[in-house]
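Heads up: the sequence lines are chains L and A, in that order. Under full-length UniProt numbering, think of the first position of the first sequence as 1, with each following residue one higher. Under full-length UniProt numbering, think of the first position of the second sequence as 1, with each following residue one higher. A virtual CB, placed ideally from N, CA and C, is assigned to each residue, including glycine. Because the structure is a prediction, the values reported are computed rather than measured.
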Amino acid sequence: MTYTAPTRPRRLRRLFTPWALVAPAALWLLVFNVWPSINTIVLAFTNAKPLGGGHFTGLDNFARVLSDGQLADALLNSIVFMLVCLPLLTVLPLLLAILVEKKIPGIAFFRTAFYTPVVASAVVVALIWSWVLSDRGLVNGFAQWLGIIAEPVPFLTERWLLVFSAISLTVWKGLGYYMIIYLSALGNVRRELHEAAAVDGAGPVRRFWNVTVPGVRNTMLLVSVMVAVSALRVFSELFVLSNGTGGPGGRAQSVVMLIQMYSRGFYGHFGYASALSIVLLVITIGPMLLLLRLNRKAA
Amino acid sequence: MRRYWTGLAVAAVMVVSGCGLDGAGPQGEAAPAAAATGEVKGKVTLQTWALKPKFTQYMEGVISAFEKKHPGTDVTWLDQPADAYSDKVLSQAAGGTLPDVTNLPPDFARPLVKQGMLLDVSTVDSKLADEYVAGGLDAYRFSGHQGTYGYPWYLNTDVNYWNSELMTEYGLDPKQPPASFDELVEQARTMKEKSGGKVLLMSRRPEVGDLREAGVKLLSDDGKKFVFNTPEAAALIDKYRAAFKEGLMPRDVLTDTYAGNAKLFNEGAVAWTTGGGNHITSVANENPSLAPKIVASPDFGIPPLYVQGLSISKKTANLPTAVALARWVTSPENQAAFAHLVSIFPSTKSSANDPFFSKSDGTNAGDAKVIAFNSLAKAEVLQPYEVTDAMSKFIRQQISAALNGQISSKEALDAAVAKCNELLNQ
């Protein structure tokens, strides 16, 4: 058998085909991710406005960030949001997935029911929740009718009640999404391992800790990183529940709400909003690094 | 390890790109005033704000009459939806694609004027002051910029609206509605007591315009700093704060937007709202049984002046036609015809004597129209154009915090003034 060198057009095809295949995605990333990111970093050092551009202002925006009381509140809200959502949305969907994984009649209904909130738009769901939780809403009306409370509970007008209402909404809406991710991961955990553990006398809890959790550990890490990033970037839930106001004094705002507040309109402060974006980026990298390190240690 | 850092880099890009922003906009080029005297013909674009489908027939009639009057002209009419109009105008301005003639309220026009994108219409039209009311023209004159940057189109103001049925039911006389804020609080107390808190009179949080309405000076004369943290302003917020604490307003006012007030009124949950001269007509669509029960009375203090106008892009390629079109749409005849369709008020001087605006037809909507028309004489643009979206949101947040008792009224106003000045000077 003799080796025949590929012809020139074939060599070229071989060389360019992979690039041609990744080109659309790469172009998309460059235009909509990489370029805006670089632009954001540049703008953070300017006083740019939507019209007329801006001037280089050095570290002025970052100096303002340090003295911005609203940012301190927003950071605390975002961090609390992440700290509460992270365990709930990492563990509860796994338990749900284990439940609905069982092949029993009618289980498809529950799978669909748990997944339904994921399909609904975040804004629509948040609007429905705001009607349910407002002073004149379903929950307060029902509780007052039952005589449990005399005055409405200020779910949407008190800072921490508002933040925790938004957390409840996020958890309720996210359960189905992460459940689906876990369901696919559970399919990869070999049944023989469960059977062997059962033969060795391990009960359901022991099997969960010693077989299921190690089997889906990488997925748990992926889910926890996704939850942490999206919790720190929370916007729609808090925005809609507070009617865009961020609650009295704006104390229930998230960092993204603050960015939106400064970047809107004809006089948007793009420079300052960009500096806030950089701060959010740095804050987001922290928990991701921690989670990745924990995973490496556990591995 | 490499994969680890690659993952981090991708995630970093994900986070930042979600907040990606873009910068500069174009500078307009001066259109020579002499160019306005050329022949009126050719293509021109007119952009309006949310007039379709309700006023399609009217606008098409106005445009077709213009094309007939000036043979050889071809007007392209663009009507933008109500939502996100400012974003649309902003993208057109940044992209250098502003239509020749655009409906811009003064607060939209000012940033474009700052960038030299709009034509000073006083350079091409010497009869402005003879034909248009001073208040309308003043709205298109901006501190730091010589000239008038739009033809005032139509005006409106706010009127108080009362639900007479609820007032009568809970011990109030709808023929004697409150004429001042103190009377409002007094009657709100009566309504709350008589209804057991089921129905309230008040349901709105004060805005920065309410401070001006009460006579508080908002901005220094040179327009360089906000000065509304006065004892008078704090006293007004204190009154609202006391009313809120007493339960005279629903707790939702802390987070409701201004529209929340009208929504509650239209639902029959509260008995007072403010609205333009045509509010009863809007209610008739939403809640027909409520509309006949509404009575109107003049706004407390200084009524707000709302102005819409037509501005001309400095970059227009057809200045004579653009000017002629803007004048045509804002002419007394066309404005009067528009005002017969909806309760707005013409910005032309010759319309002032039209009995259609000064005499009621005996209906409650007609009464409201006359009250609004009479209020226009002392109406003012209450919120300075210097107040940006971020500023007004911050002010609302601080006032809410004061109503909720988190901070004192003085602290709220001091914080609001400090933030507004910080943003103003950037």
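In three-state terms, what does DSSP make of residue i?
i	result
ALA275/L	helix
THR157/L	coil
ASN103/A	strand
PHE55/A	coil
THR168/A	helix
LEU290/A	coil
ARG2/A	Reliability fails at ARG2/A, whose pLDDT of 48 lies under 50, so the model's placement of it is uncertain and no value is given.
VAL75/A	strand
PRO250/A	coil
PRO18/L	helix
GLY147/A	coil
THR45/A	strand
THR281/A	helix
ILE181/L	helix
LYS102/L	coil
LEU98/A	coil
THR212/L	helix
GLN253/L	coil
GLY309/A	strand
residue 455/A	This structure leaves residue 455/A out entirely; chain A is present only between 1 and 426.
LEU21/A	Residue placement at LEU21/A is flagged as unreliable, the pLDDT there being 36, under the threshold of 50; the coordinate-derived value follows with that caveat. In this structure, LEU21/A counts as coil in the three-state DSSP scheme.
LEU119/A	coil
TYR240/A	helix
PRO32/A	Unreliable positioning characterises PRO32/A in this predicted model, as indicated by a pLDDT of 49, which lies under 50. The coordinate reading is nonetheless provided below. The answer is coil: DSSP assigns PRO32/A none of H, G, I, E or B.
ARG11/L	helix
PHE66/A	helix
PRO303/A	coil
PHE56/L	strand
TYR115/L	helix
VAL282/L	helix
MET202/A	coil
PHE110/L	helix
PRO26/A	The predicted position of PRO26/A is uncertain, since its pLDDT is 41 and thus under 50; a value taken from the coordinates is nonetheless stated next. Correct three-state label for PRO26/A: coil.
VAL15/A	Residue placement at VAL15/A is flagged as unreliable, the pLDDT there being 45, under the threshold of 50; the coordinate-derived value follows with that caveat. Three-state DSSP puts VAL15/A in a helix.
Assuming residue i and residue j make a contact with CB atoms under 8 Å, what is their CB distance in whole Å?
i	j	result
GLY150/A	THR321/A	The Cβ separation is near 17 Å, so there is no contact.
VAL124/A	VAL323/A	5 Å
PRO154/L	LEU161/L	6 Å
LYS369/A	SER375/A	That pair is no contact at about 11 Å.
PHE228/A	VAL417/A	6 Å
ASN163/A	LYS293/A	6 Å
PHE114/L	VAL91/L	Wrong, their Cβ atoms sit about 15 Å apart, outside the cutoff.
ASP79/A	THR48/A	5 Å
LEU86/L	SER236/L	Contact doesn't hold; Cβ gap of about 19 Å is too wide.
So what does residue i bridge to, in DSSP terms?
i	result
ASN160/A	THR274/A and SER297/A
GLN80/A	TRP49/A
VAL89/A	None; VAL89/A has no bridge partner.
PRO152/A	GLY309/A
PRO50/L	PRO50/L is not bridged to any residue.
LEU219/A	PHE226/A
TYR132/A	THR348/A
Segments assigned alpha helix (DSSP H), at least 4 residues, entirely inside the segment 320-347 of chain A: 332-341
Proximal residues, the segment 389-404 of chain A versus chain L, C-beta separation under 8 Å: ASP389, ALA390, LYS393, PHE394, ARG396, GLN397, GLN398, SER400, ALA401, LEU403 and ASN404
Sequence ranges, alpha helix (DSSP H) only - wholly within the segment 168-200 of chain A, length at least 4: Within the segment 168-200 of chain A, the complete alpha helix (DSSP H) segments of 4 residues or longer fall at 181-195, listed in chain order.
Every unbroken alpha helix (DSSP H) within the segment 344-425 of chain A, with a cutoff of 4 residues, ordered by chain: For the segment 344-425 of chain A, whole alpha helix (DSSP H) runs of length 4 or above, ordered along the chain, are 355-358, 364-375, 389-403 and 409-424.
Contact set between the segment 253-268 of chain A and chain L, restricted to residues whose Cβ is under 7 Å from the partner: LEU254, THR255, ASP256 and THR257
Members of the segment 259-273 of chain L near chain A, C-beta cut-off 7 Å: ILE259, MET261, TYR262, SER263, ARG264, GLY265, PHE266, TYR267, HIS269, PHE270 and ALA273
Short-range partners of chain L found in the segment 94-110 of chain A, where Cβ spacing is below 9 Å: ALA94, ASP107, PHE108 and ARG110
Chain-ordered residues of the segment 67-90 of chain L with a beta carbon less than 7 Å from chain A: Answer in chain order: no residues at all.
Contact set between the segment 198-209 of chain L and chain A, restricted to residues whose Cβ is under 9 Å from the partner: Here the close residues number zero.
Near-chain L residues of the segment 349-365 of chain A (beta-carbon distance less than 9 Å), N- to C-terminal order: none
Where the segment 116-138 of chain L meets chain A: residues whose CB sits under 8 Å from a CB there: SER134, ASP135 and ARG136
The segment 116-129 of chain A: positions lying closer than 7 Å to chain L by Cβ: From the segment 116-129 of chain A, no residue has a Cβ closer than 7 Å to chain L.
Residues, ordered as in the chain, of the segment 193-217 of chain A that lie near chain L by beta-carbon distance below 7 Å: none
Near-chain A residues of the segment 40-62 of chain L (beta-carbon distance less than 7 Å), N- to C-terminal order: THR40, LEU43, ASN47, ALA48, PRO50, LEU51, GLY52, GLY53 and GLY54
Interfacial residues, the segment 62-90 of chain A to chain L, with Cβ spacing under 7 Å: SER86 and LEU90
Against chain A: residues of the segment 155-175 of chain L by CB proximity under 7 Å: LEU156 and THR157
Cβ-based contacts, 8 Å cut-off: residues of the segment 239-251 of chain A near chain L: Of all residues in the segment 239-251 of chain A, PRO250 and ARG251 have a Cβ within less than 8 Å of some Cβ in chain L.
Selection of the segment 214-225 of chain L by Cβ proximity to chain A, strictly under 8 Å: VAL225
Members of the segment 141-152 of chain L that neighbour chain A once the beta carbon cut-off is set at 8 Å: PRO152
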